[in-house]
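Here's the structure we're looking at; comments come further down.
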Amino acid sequence: MLKGVPPFVTADLLWVMASMGHGDELAIVDRNFSGFRVATQTTSGKLLILEGVDAPTAVRGILKMMPLDTFGDTPLMHMEAVDAPGELLEVHREVIAVCSEAEVRSIASQPVERFAYYPIAMRSFAIIQTAESRPYGNFILRKGVL
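Heads up: the sequence shown runs through residues 1 to 146, numbered per UniProt numbering.
Given below as C-alpha coordinates:
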(Lines of atoms letter the chains of each structure in order from A; the text may use other names.)
(Lines give C-alpha, C1' and ligand atoms only; values in the text may rest on other atoms or scores of the structure.)
Protein backbone atom coordinates (compact mmCIF):
# COMPACT_ATOMS: atom_id res chain seq x y z
CA MET A 1 0.00 0.00 0.00
CA LEU A 2 1.07 3.57 -0.68
CA LYS A 3 -0.10 6.68 1.12
CA GLY A 4 -2.55 8.83 -0.79
CA VAL A 5 -3.18 6.25 -3.53
CA PRO A 6 -6.82 5.15 -3.83
CA PRO A 7 -7.17 1.42 -3.06
CA PHE A 8 -8.45 0.54 -6.55
CA VAL A 9 -5.40 2.02 -8.27
CA THR A 10 -3.22 -0.88 -9.37
CA ALA A 11 0.52 -0.99 -10.00
CA ASP A 12 -0.24 -1.18 -13.73
CA LEU A 13 -2.35 1.98 -13.56
CA LEU A 14 0.44 3.77 -11.68
CA TRP A 15 2.88 2.67 -14.40
CA VAL A 16 0.54 3.93 -17.13
CA MET A 17 0.12 7.36 -15.54
CA ALA A 18 3.86 7.69 -14.83
CA SER A 19 4.75 6.62 -18.38
CA MET A 20 2.44 9.11 -20.06
CA GLY A 21 3.82 12.43 -21.18
CA HIS A 22 2.24 15.87 -21.42
CA GLY A 23 -0.60 15.79 -23.92
CA ASP A 24 -0.99 12.00 -23.85
CA GLU A 25 -4.56 10.84 -23.47
CA LEU A 26 -6.15 8.20 -21.28
CA ALA A 27 -9.47 6.56 -22.20
CA ILE A 28 -11.77 5.85 -19.26
CA VAL A 29 -14.53 3.57 -20.56
CA ASP A 30 -17.67 1.86 -19.31
CA ARG A 31 -18.29 -1.84 -18.91
CA ASN A 32 -19.95 -2.14 -22.36
CA PHE A 33 -17.02 -0.64 -24.28
CA SER A 34 -14.95 -2.89 -26.58
CA GLY A 35 -11.97 -2.49 -24.27
CA PHE A 36 -9.74 -5.35 -25.37
CA ARG A 37 -10.15 -4.73 -29.10
CA VAL A 38 -9.48 -1.00 -28.81
CA ALA A 39 -6.63 -1.39 -26.28
CA THR A 40 -4.57 -3.39 -28.79
CA GLN A 41 -4.34 -0.21 -30.89
CA THR A 42 -3.25 2.14 -28.06
CA THR A 43 0.29 3.38 -27.43
CA SER A 44 0.85 0.99 -24.52
CA GLY A 45 -1.41 -1.79 -25.80
CA LYS A 46 -2.81 -2.01 -22.26
CA LEU A 47 -6.34 -2.64 -21.07
CA LEU A 48 -6.63 -2.08 -17.33
CA ILE A 49 -9.85 -3.18 -15.64
CA LEU A 50 -11.08 -1.46 -12.49
CA GLU A 51 -13.73 -3.82 -11.14
CA GLY A 52 -16.43 -2.36 -8.92
CA VAL A 53 -15.47 1.25 -9.70
CA ASP A 54 -17.75 3.64 -11.59
CA ALA A 55 -16.48 6.36 -13.96
CA PRO A 56 -16.62 9.32 -11.52
CA THR A 57 -14.76 7.34 -8.83
CA ALA A 58 -12.10 6.21 -11.31
CA VAL A 59 -11.58 9.74 -12.62
CA ARG A 60 -11.43 11.16 -9.08
CA GLY A 61 -8.73 8.64 -8.12
CA ILE A 62 -6.70 9.22 -11.28
CA LEU A 63 -6.84 13.00 -10.87
CA LYS A 64 -5.44 12.73 -7.34
CA MET A 65 -2.18 11.84 -9.08
CA MET A 66 -2.40 13.15 -12.65
CA PRO A 67 -3.04 16.76 -13.69
CA LEU A 68 -5.28 17.65 -16.61
CA ASP A 69 -3.84 19.64 -19.48
CA THR A 70 -4.08 23.43 -19.31
CA PHE A 71 -3.25 23.98 -23.00
CA GLY A 72 -5.68 23.61 -25.89
CA ASP A 73 -9.44 23.63 -25.97
CA THR A 74 -10.37 21.07 -23.35
CA PRO A 75 -8.59 18.31 -21.43
CA LEU A 76 -11.79 16.27 -21.21
CA MET A 77 -13.96 14.61 -23.86
CA HIS A 78 -17.00 12.36 -23.56
CA MET A 79 -18.90 10.05 -25.88
CA GLU A 80 -22.24 11.68 -26.62
CA ALA A 81 -25.47 9.72 -26.72
CA VAL A 82 -26.61 8.68 -30.19
CA ASP A 83 -30.24 9.47 -29.36
CA ALA A 84 -29.45 12.77 -27.59
CA PRO A 85 -26.55 14.54 -29.32
CA GLY A 86 -25.37 17.61 -27.44
CA GLU A 87 -27.09 16.56 -24.22
CA LEU A 88 -25.04 16.03 -21.06
CA LEU A 89 -26.11 12.81 -19.37
CA GLU A 90 -25.90 12.37 -15.60
CA VAL A 91 -22.62 10.41 -15.85
CA HIS A 92 -21.13 13.23 -17.97
CA ARG A 93 -22.18 15.90 -15.49
CA GLU A 94 -20.74 13.90 -12.59
CA VAL A 95 -17.34 13.44 -14.28
CA ILE A 96 -17.21 17.11 -15.28
CA ALA A 97 -17.88 18.05 -11.64
CA VAL A 98 -15.14 15.67 -10.45
CA CYS A 99 -12.66 17.17 -12.95
CA SER A 100 -13.56 20.75 -12.00
CA GLU A 101 -13.18 19.96 -8.30
CA ALA A 102 -9.86 18.15 -8.77
CA GLU A 103 -8.42 20.92 -10.93
CA VAL A 104 -9.91 23.78 -8.88
CA ARG A 105 -11.09 25.40 -12.12
CA SER A 106 -14.02 25.08 -14.44
CA ILE A 107 -13.60 22.14 -16.80
CA ALA A 108 -15.76 21.70 -19.88
CA SER A 109 -16.13 18.42 -21.74
CA GLN A 110 -16.00 18.21 -25.51
CA PRO A 111 -18.72 15.90 -26.84
CA VAL A 112 -17.55 13.31 -29.36
CA GLU A 113 -19.93 11.42 -31.65
CA ARG A 114 -19.99 7.69 -30.82
CA PHE A 115 -18.12 6.40 -33.88
CA ALA A 116 -15.63 9.28 -33.78
CA TYR A 117 -14.78 8.33 -30.17
CA TYR A 118 -13.24 4.96 -31.12
CA PRO A 119 -10.29 6.32 -33.17
CA ILE A 120 -9.54 8.82 -30.38
CA ALA A 121 -9.53 5.98 -27.84
CA MET A 122 -7.29 3.92 -30.14
CA ARG A 123 -4.66 6.66 -30.21
CA SER A 124 -4.78 7.09 -26.44
CA PHE A 125 -2.01 5.78 -24.19
CA ALA A 126 -4.17 3.07 -22.57
CA ILE A 127 -7.75 1.99 -21.93
CA ILE A 128 -9.04 1.99 -18.35
CA GLN A 129 -12.26 -0.03 -18.22
CA THR A 130 -14.51 0.71 -15.25
CA ALA A 131 -17.62 -1.04 -13.98
CA GLU A 132 -19.69 2.00 -15.03
CA SER A 133 -23.07 0.63 -16.12
CA ARG A 134 -24.65 3.87 -17.33
CA PRO A 135 -24.63 4.18 -21.13
CA TYR A 136 -22.07 6.50 -22.73
CA GLY A 137 -19.85 6.56 -19.63
CA ASN A 138 -16.78 6.93 -21.85
CA PHE A 139 -14.24 9.71 -21.43
CA ILE A 140 -10.84 10.88 -22.62
CA LEU A 141 -8.51 12.67 -20.18
CA ARG A 142 -5.52 14.62 -21.52
CA LYS A 143 -2.51 14.69 -19.19
CA GLY A 144 -1.01 18.03 -18.21
CA VAL A 145 2.21 19.02 -16.48
CA LEU A 146 3.00 19.65 -12.83
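All C-beta atoms, glycine included, are put in the ideal place defined by N, C-alpha and C.
Since this is a predicted model, take the numbers as computed values, not measurements.
Item: Contact between the stretch 8-24 and the stretch 38-51 (3+ Cβ pairs under 8 Å); Value: yes
Item: Pick from Lys3, Val59 and Phe36 that is closest to Arg93, judged by C-alpha positions; Value: Val59
Item: Bridge partner(s) assigned by DSSP for Gln129; Value: Val29 and Ile49
Item: Cβ-based burial, His22 [other Cβ within 10 Å; buried from 16]; Value: exposed
Item: Reference Val112; option with closest CA among Arg105, Ser106 and Ile120; Value: Ile120
Item: Collapsed DSSP secondary structure at Met122 in the structure displayed; Value: helix
Item: Any non-hydrogen atom of the ligand ZN within 7 Å of Val98 CB; Value: Of ligands this structure carries none, so the ligand ZN is not represented either.
Item: The stretch 31-42 / the stretch 62-78 touching (three or more Cβ pairs under 8 Å); Value: no
Item: Close beta carbons around Gln129, own chain, < 8 Å, minus the five adjacent residues each side; Value: Val29, Asp30, Arg31, Phe33, Gly35, Leu47, Leu48, Ile49 and Leu50
Item: CA nearest to the CA of Leu141, picked from Glu101, Ser106 and His78; Value: His78
Item: Alpha carbon of Asn138 to alpha carbon of Cys99, nearest angstrom; Value: 14 Å
Item: Local Cβ density within 10 Å of Ser133, reported as buried at 16 or more and exposed below that; Value: exposed
Item: Among Ala116, Glu25 and Arg123, nearest to Pro67 - alpha-carbon criterion; Value: Glu25
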